[in-house]
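Protein chains in written order, with numbering that gives the first Met the number 0: chain A, 0 to 631; chain B, 0 to 631. Virtual Cβ for every residue (Gly too), placed ideally from N, Cα, C. On a predicted model such as this, the values are computed, not experimentally measured, just so you know.
2 protein chains.
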Amino acid sequence: MISKQNSDSLFRIQSRTFEILDSFGLDQVWRESTHVKEATFWDPDENGKIHRSSRVPNSMKGLSRFDCTGTIHQGVIESFLIQAIRASASVPSHPEVIIEGNITPSSLHIDETLIDDQDAYPVMVTLKHFDDASVVDAKSRGNIDESLHKTSFGDDDSKPKYLQNAQPGAEELVLAKYFVGCDGAHSWVRKALGQEFRLRGETTEAIWGAMDIIPVTDFPDIRVRSMVRSTSGGSLMMIPRENKLVRLYIQLTDGLSTNCLLTRSMVTPEMLIETAQRILSPYTIDFTYIHWWSAYQIVQRSGDHFDKQGRIFLAGDAVHTHSPKAGQGMNVSMQDTYNLGWKIGLACKGLVRPTAIIPTYDMERKLVAKELIAFDRKFSELLSMHSAKDISESSVELKQFFKKAPLFTTGIGVNYASSILTVVDDEAYGLAKYTVPGKRFASCQVTNHSDGRVWELHHRMPSDGRFRIMVFGGNIADAEQRFGVNTLGQWLGKTLIPRYPPINICPIVDRRLQTVRFQSELMTPIIEIFLVHTAPRDQIDVLRDVDSTYHPWHPKLGWDYDHIFTASRVATQDNIQLTQSVYRDYGIDEERGAVVLVRPDGYVGMVTSVAAKEARTKICNWFDSLLQGLDN
Amino acid sequence: MISKQNSDSLFRIQSRTFEILDSFGLDQVWRESTHVKEATFWDPDENGKIHRSSRVPNSMKGLSRFDCTGTIHQGVIESFLIQAIRASASVPSHPEVIIEGNITPSSLHIDETLIDDQDAYPVMVTLKHFDDASVVDAKSRGNIDESLHKTSFGDDDSKPKYLQNAQPGAEELVLAKYFVGCDGAHSWVRKALGQEFRLRGETTEAIWGAMDIIPVTDFPDIRVRSMVRSTSGGSLMMIPRENKLVRLYIQLTDGLSTNCLLTRSMVTPEMLIETAQRILSPYTIDFTYIHWWSAYQIVQRSGDHFDKQGRIFLAGDAVHTHSPKAGQGMNVSMQDTYNLGWKIGLACKGLVRPTAIIPTYDMERKLVAKELIAFDRKFSELLSMHSAKDISESSVELKQFFKKAPLFTTGIGVNYASSILTVVDDEAYGLAKYTVPGKRFASCQVTNHSDGRVWELHHRMPSDGRFRIMVFGGNIADAEQRFGVNTLGQWLGKTLIPRYPPINICPIVDRRLQTVRFQSELMTPIIEIFLVHTAPRDQIDVLRDVDSTYHPWHPKLGWDYDHIFTASRVATQDNIQLTQSVYRDYGIDEERGAVVLVRPDGYVGMVTSVAAKEARTKICNWFDSLLQGLDN
């Protein structure tokens, strides 16, 4: 994977990205980021003086347990990611992942004759090693693309260190099964793929500045996300970040006045703060510490192809660029590769059918990119109003837009279309009303049947490449319902699971889970099964009443106690259990239940019923279409 | 500080200990420990067959946000502590703390002529360095005390590595202001202090076994804390721990049958599991993996003196020993040194009056030790019933005892008596009904006035040696109330704070707080001031309405935004704020408020009123009695 460091050092992390990071055990990102809980709108009053016209939550209630944006330095996230990768590598028999820096590709080819051979390595890429000094040198000679951003490159303590694996100047030829270009807006990989991969869209003439300062100000909303539209100097948006810093986005020109001669290269930090002062007047703002600054034009473009022949892929800014103001860049980009990663990973391990699964990357993520561009265009337009009349007329529209925006900006609203991975089954309609194929499976709090501990379901479902069957078994205190759940369980354990080869997962992805496995037994089924029931705990002895597929036996470890949950936060009070079922949140019938098949990236693949015999056929067909069977 | 590693590798962490660890930023202990949420009682039925007679929460509702016991390996906690100490040492100008291993004291004296000189080093201790091999050697020759426990010393991956700072055999003389012996039940330091420091109490004859196994069993409550009293083989308690392990405490003899010839040295793991099998019958239990095992007699003893001349201290098992079954050992011991640490620390820095503060350690912790012994005696007695009649008769008593126990076992109920540190003021009675001097100041969720983020108040109050004044300002939207709060603020900022020298604290104790300080400005007031008000947020512009003591100005960092909170979890919904005041939890009037003075260890020192003039005199007198003034 070829990636490029972004010069913009602020990350605004959205709810779905927090969920994804958490699914790798990286919950420290949430704890250590600055939580941006609120947004305020400031508009001119009848005398042209700005005033707070509204204060709203910077998210939408109930979308995610990570209920707002978090801001954090890019270097901090990268350090966490590198630490996590290194920790995984310390597990015996787990392959080491090497992260190298100071590398650029210099040629890229596909051997067309090998495309259909899943064991072959059809991608040939030449990599060139250089040292830091030569980057600067090459830049000044124009050989390496300059960043879109003119930047001061502020001192950056958190910059992670990468491995330098070869002598500068050395070249190496790499043969690969798959190759991913995440090398930013000026992607070398995209250019190497040719004309048909060019991004299409528009560059606006409006110039904006961005700066990270520790503000010295009397503006009262400096620690919330504030959008200020003035008649005295244009628009400004502020985003509080960590360590007392605030990111300011400042409109410098509206791109409409034909007499404006400002170009990006003329922008200075003095110009930025003076414009901010004009916009915020009569409040004052200044700084003695500036961390970073930049000037940019808004470029809204995306590509028509996210992959070439299912072997070379583009992700992130390499295939969609837009303005930074909605805080989407890193989020949509990470979600691109999160969508792609498990597909390539399982294909490399020979566990899935690549021809079925790989094409879904382009299909699923291209639509998200199109939505992103449309969203960004509208948001930029609303923020860029410059006359009192326009501001006033668009005020209601901006607030309504902002109110609905979280469905998109949080990443929670993403809804992948019907495909081999996402089966919309008319007969299943209504079985799980709020658990829709194509959307991410939401997390609810459930109680471990055996120890009474409350867990977020997401915590039990780490991103380890496994599919999951969530059996919402309904009221298993009822004998008939229990029979159905046990019949299904027996079929899952005896018939379905043995059809597919097991997977070697890294057991320390998440220390919370305390997975115990003997070193000699590193393989585990590629489908993990959970039972979430609504019966009162004391009426069920799982060892006696529930099929062992839901609590597998191990001769050395005994029974498993980590896969059966009750659908409630149980407050045990002597013998009384106060329950509130999460079935309602999923839209599932508390007596009869439903079965939800979840993809390795946490999206709902299919919903079916617990008891119906044809449900088994449907489950089997779905997995057969995706997974390599043991008999292949 | 001389400490000794305990061979018992399981820690059962109670609520107050979690709060203390969290106050050092060590929240990972909570996340990575096994949460023991429930307890069940199993008694014989009329046919002598055991059955679950009750299931109860393993804590008490509302005591703490850490709402149950957590179990974790001792080595894991020690690693976290060492990491935290090392991280603190990486801060420029912060003193490095060195942790050395393989050291034992060989002589200890106090120079009586220097006791009253606060600048002198009256404690002289000779330390002897040895290597690991010589420990074993010395043990076999009986020169070093053997542990109370006969132990198998299971393999222990998590054992932290200590610095070996000198050649084995080397001796060094250390002159110290203060010296703490935390060297366990057979404390060398205690013996060196002489006859009057002997522990008093009793050793029972009953022999218990303890073992950590991965159980292979069909007992349904193996993952909760179960107390099983049988007529077929005695009593047993199980505590689930991490990585599928379960700790079993197994009664081997009741210490009453005079014909019993069993001694500790005869105990084997086979004997332990066979006894467990007999007690749990007709359920089965066995293991293939055993992590650790031991046999012990219950020794309930404590000392009459916790310090010698305010210079040498005993803490933990060195001054109180008891049975492990209530999971108190590590907790009460850590709370001993947590009580002592800030007192010695601030005395060494010359910031407090040692003669006032140091004696409170003995006073406060001795009473806790006495309670601990009494508690343990009763609990052991109830668990050790051996006849059907006794079990049946004590059944209700055991359950009632267990129901009230969390007040003591969690550590939350600790109530330090009135002293110079804990001022019970009759006039203040009723100002903060549930915020009592001598008890720990509870955490509630409050909302940052400036950014709307919800915080646990405890998160804003890390253990950094500072005192805190919590001004519950009431409804500052009311002009008169606001005037009172601002008058108090002005006095605090202009008169009180400047009386005392500032403190150099480590700014990275807790990364959540994102404290920003310039390296040239490492000193901060020893008293930190918070304002928690009940006014609607939009009615107060803190920069305009509130005295700057509550949001201090810094020429480079601007205003402070981290010390003013609203007393509610605010759910902003357009302009509507849904509030539920935490004033009710503290028992404080929502209009008029109260002032709570909090000690560096988080215990309430004093409560007084906001507006009354004599409140200022009381606050000033309290700090004057404890702190060194700048004019001294």
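Residues that residue i contacts on chain A, provided the C-beta gap is smaller than 7 Å
| i | result |
| --- | --- |
| B/Leu542 | Asp217 and Pro219 |
| B/Arg222 | Ser449, Asp450 and Tyr560 |
| B/Tyr288 | Lys555 |
Under 9 Å from the C-beta of residue i: neighbouring residues of chain A
| i | result |
| --- | --- |
| B/Gln513 | Glu31, Thr33, Glu241, Asn242 and Lys243 |
Residues that residue i contacts on chain B, provided the C-beta gap is smaller than 7 Å
| i | result |
| --- | --- |
| A/Pro214 | Gly557 |
| A/Arg510 | Glu31 |
Reference residue i, options the options, closest by Cα
| i | options | result |
| --- | --- | --- |
| A/Thr267 | A/Ala416, A/Arg222, A/Ile206 and A/Ile468 | A/Ile206 |
| B/Cys639 | B/Tyr360, B/Asp118 and B/Ile19 | Absent from the model: residue 639 of chain B. The displayed extent of chain B is 0 to 631, so no value can be given. |
| B/Ser229 | B/Asp42, B/Gln73 and B/Tyr288 | B/Asp42 |
| A/Gln166 | A/Glu99, A/Met226, A/Val227 and A/Ser186 | A/Glu99 |
| A/Thr33 | A/Arg543, A/Asn242 and A/Val423 | A/Asn242 |
| A/Val594 | A/Asp600, A/Ser580 and A/Lys617 | A/Lys617 |
| B/Ile411 | B/Asp600, B/Thr486, B/Ser449 and B/Lys324 | B/Asp600 |
| B/Glu479 | B/Ser393, B/Glu18 and B/Arg591 | B/Arg591 |
| A/Thr523 | A/Pro500, A/Thr408 and A/Gly328 | A/Pro500 |
| A/Phe79 | A/Thr283, A/Asp21, A/Gln296 and A/Tyr360 | A/Asp21 |
| B/Glu111 | B/Pro104, B/Val122 and B/Thr103 | B/Val122 |
| B/Phe10 | B/His72, B/Lys48, B/Asn46 and B/Arg30 | B/His72 |
| A/Phe378 | A/Lys432, A/Ser234, A/Glu363 and A/Asp450 | A/Ser234 |
| A/Thr287 | A/Leu244, A/Gly328 and A/Cys505 | A/Leu244 |
| A/Glu201 | A/Ser322, A/Met236 and A/Ile81 | A/Ser322 |
| B/Ile504 | B/Arg15, B/Ile12 and B/Phe23 | B/Phe23 |
| B/Lys432 | B/Pro535, B/Lys555, B/Tyr582 and B/Pro405 | B/Tyr582 |
DSSP beta-bridge partners of residue i
| i | result |
| --- | --- |
| A/Thr16 | Looking at the DSSP assignment, A/Thr16 forms no beta bridge with any residue, so it has no partner. |
| B/Tyr295 | B/Trp207 |
| A/Phe466 | A/Ile526 |
| B/Tyr288 | B/Ile213 |
| B/Tyr415 | Note: B/Tyr415 sits in no beta bridge, so no partner. |
| B/Tyr602 | B/Arg439 |
| A/Glu273 | For A/Glu273, which the question treats as bridged, DSSP gives no partner whatsoever. |
| A/Ile563 | A/Leu530 |
| A/Gly447 | Checking the sequence, you will find Asn at residue 447 of chain A rather than Gly. Paired residue(s): A/Phe564. |
Check: residue i C-beta below 7 Å from any heavy atom of the ligand FAD
| i | result |
| --- | --- |
| B/Arg263 | Among the components of this structure there are no ligands whatsoever, and the ligand FAD is therefore not found. |
>> Any contact between the segment 178-195 of chain B and the segment 305-322 of chain B? By contact I mean 3 or more CB pairs, one from each, below 8 Å.
In response: yes
> Are the segment 526-543 of chain A and the segment 482-502 of chain A touching, with three or more C-beta to C-beta distances below 8 Å?
Replying inline: yes
> Between the segment 603-613 of chain A and the segment 463-473 of chain A, do three or more beta carbon pairs fall short of 8 Å?
Replying inline: Between the segment 603-613 of chain A and the segment 463-473 of chain A there are three or more inter-stretch CB-CB distances shorter than 8 Å, so the stretches are counted as touching.
> With contact counted as at least three CB pairs below 8 Å, one residue from each stretch, are the segment 378-390 of chain A and the segment 334-341 of chain A in contact?
Replying inline: no
>> Ignoring anything shorter than 4 residues, give me the alpha helix (DSSP H) runs that lie fully in the segment 49-128 of chain A, in order along the chain.
In response: 73-88
> Going along the chain, which unbroken runs of the alpha helix (DSSP H) with 4 or more residues stay wholly within the segment 345-406 of chain A?
Replying inline: Correct list: 353-356 and 358-382.
> In chain order, which continuous runs of the beta strand (DSSP E) of length 3 or greater are located wholly inside the segment 222-259 of chain A?
Replying inline: 224-229, 233-239 and 245-250
> Taking the runs of the alpha helix (DSSP H) that are 4 residues or longer, which of them lie wholly in the segment 470-503 of chain B?
Replying inline: 478-490
>> Three Cβ pairs or more, each shorter than 8 Å: is that satisfied between the segment 188-198 of chain A and the segment 355-371 of chain A?
In response: no
>> Using a Cβ distance threshold of 8 Å, determine whether the segment 273-284 of chain A contacts the segment 216-223 of chain A, with at least three qualifying pairs required.
In response: yes
> When the Cβ atoms of the segment 323-334 of chain A are set against those of the segment 400-415 of chain A, are three or more pairs found closer than 8 Å?
Replying inline: Because the criterion of three Cβ pairs below 8 Å is met, the segment 323-334 of chain A and the segment 400-415 of chain A touch.
> Does the pairing of the segment 542-562 of chain A with the segment 440-452 of chain A give three or more beta-carbon distances under 8 Å?
Replying inline: Yes, they touch.
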